[in-house]
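K.L.:
Numbering (the numbering used here), first residue to last: 20 to 246.
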Amino acid sequence: LMDLATETAKYVFPKRFESQNLEEALMAVPDLETVKFKVLSRRGQYEIREVESYFIAETTMPGRTGFDLNGASRSFNVLAEYLFGKNTKRETMEMTTPVITRKTQSDGEKMEMTTPVISKKLEDQDKWQMSFVMPSKYGANLPLPKDPSVRIKEVPKKVVAVVAFSGFVTDEDVKRRELKLRDALKGDRQFRVKEGASVEVAQYNPPFTLPFTRRNEIALEVERKEE
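1. Quick check: what's the CA-CA separation for Glu-219 versus Ser-150?
2. Note down the Cα distance separating Pro-162 from Glu-110, rounded to an integer number of angstroms.
3. Quick check on the DSSP output: the beta strand (DSSP E) that includes Ala-159 runs from which residue to which?
4. If we ignore side chains and look at the alpha-carbon of each, how far apart do Arg-196 and Ala-221 end up?
5. According to DSSP, simplified to helix, strand and coil, what is Thr-232?
6. Below 6 Å CB to CB, which residues in the same chain sit around Phe-86 once its five sequence neighbours on both sides are set aside?
7. Which of the three DSSP states is assigned to Ala-216 in this structure?
8. List the DSSP bridge partners of Lys-57.
9. Let me confirm a value: Gln-148 is counted as buried when at least 16 other C-beta atoms fall within 10 Å, else exposed. Which label applies?
10. Out of curiosity, what's the CA-to-CA distance linking Glu-242 and Val-54?
11. Pick out whichever of Lys-146, Glu-236, Ser-60 and Val-193 has its Cα sitting closest to the Cα of Arg-208.
12. Starting from the C-beta of Ser-72, find all residues in its chain whose C-beta is less than 7 Å away, skip the five residues before and the five after it, and write them out in chain order.
13. Looking at the secondary structure, which residues open and close the alpha helix (DSSP H) in which Glu-197 lies?
14. Does Thr-107 pass the burial test, meaning 16 or more other C-beta atoms within 10 Å, or should it be called exposed?
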């Protein structure tokens, strides 16, 4: 039965099975364009990545939590409408991955979907931002959103510390993992958390994905320590 499942999965998701066993492949990201990065180093609890610049479509999430089902669903749908044609060119863009949720520092064309979805929290207003990573082929030439709540931004190149985990994401889980990552980085000899950095949560899978096969990451922007 396991052999049959493996062969079926290889047929459906061929890119996931390059030098991977079934368990590793199930935890891999969907076969969608994603953010480009280079791993600079791996620690016991986290890895340091240099992430290339990319564009996002972003919206402020309702409510005071980044991971309640209703608020996340509403924000996702707003961004999906932009991606699938609610823009000035009425163009459908390809889906990417991940979807990113983040707590932000105070400071008619369809497109391809990418991954992740990212969520970031607004520190002062206690709000979260959800964003879709935009297909790289558009660069800065993205169609403008018709919905004023959707904003297009460029995320500059940066270095981040990342921890991957599975399961469904909750606010309590994010807080716990963020504190653990910050504590671990205190002992890093090369990198430290950048002043004002806030946590980002990247989710790589569709909502219906089973918890144990879900791919999530939390990230904090870091900088090299002075010699």
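Even for Gly, the Cβ is constructed at its ideal location relative to N, Cα and C.
P.N.:
The relevant details are as follows:
1. When rounded, the separation of the alpha-carbon atoms in Glu-219 and Ser-150 is 11 Å.
2. Taken atom to atom, the span from the alpha-carbon of Pro-162 to that of Glu-110 is near 8 Å.
3. Secondary structure note for Ala-159: it is in no beta strand (DSSP E), with a DSSP letter that is neither H nor E.
4. CA-to-CA, the gap between Arg-196 and Ala-221 works out to about 13 Å.
5. DSSP, read as helix, strand or coil, puts Thr-232 in helix.
6. Cβ within range, chain order: Val-188, Thr-189 and Asp-190.
7. Reduced to three states, the DSSP call for Ala-216 is coil.
8. The partner list for Lys-57 (beta bridge, DSSP) reads Glu-69.
9. Residue environment: Gln-148 is assigned as buried (16 or more neighbouring CB atoms within 10 Å of its CB, all protein chains considered).
10. Using only the alpha carbons, I get a separation of about 20 Å.
11. Among Lys-146, Glu-236, Ser-60 and Val-193, the Cα nearest to that of Arg-208 is on Ser-60.
12. Answer for Ser-72: Glu-173, Val-174, Pro-175 and Lys-176, listed in chain order.
13. Element bounds for Glu-197: 190-204.
14. Looking at its Cβ environment, which holds fewer than 16 other Cβ atoms inside 10 Å, Thr-107 is exposed.
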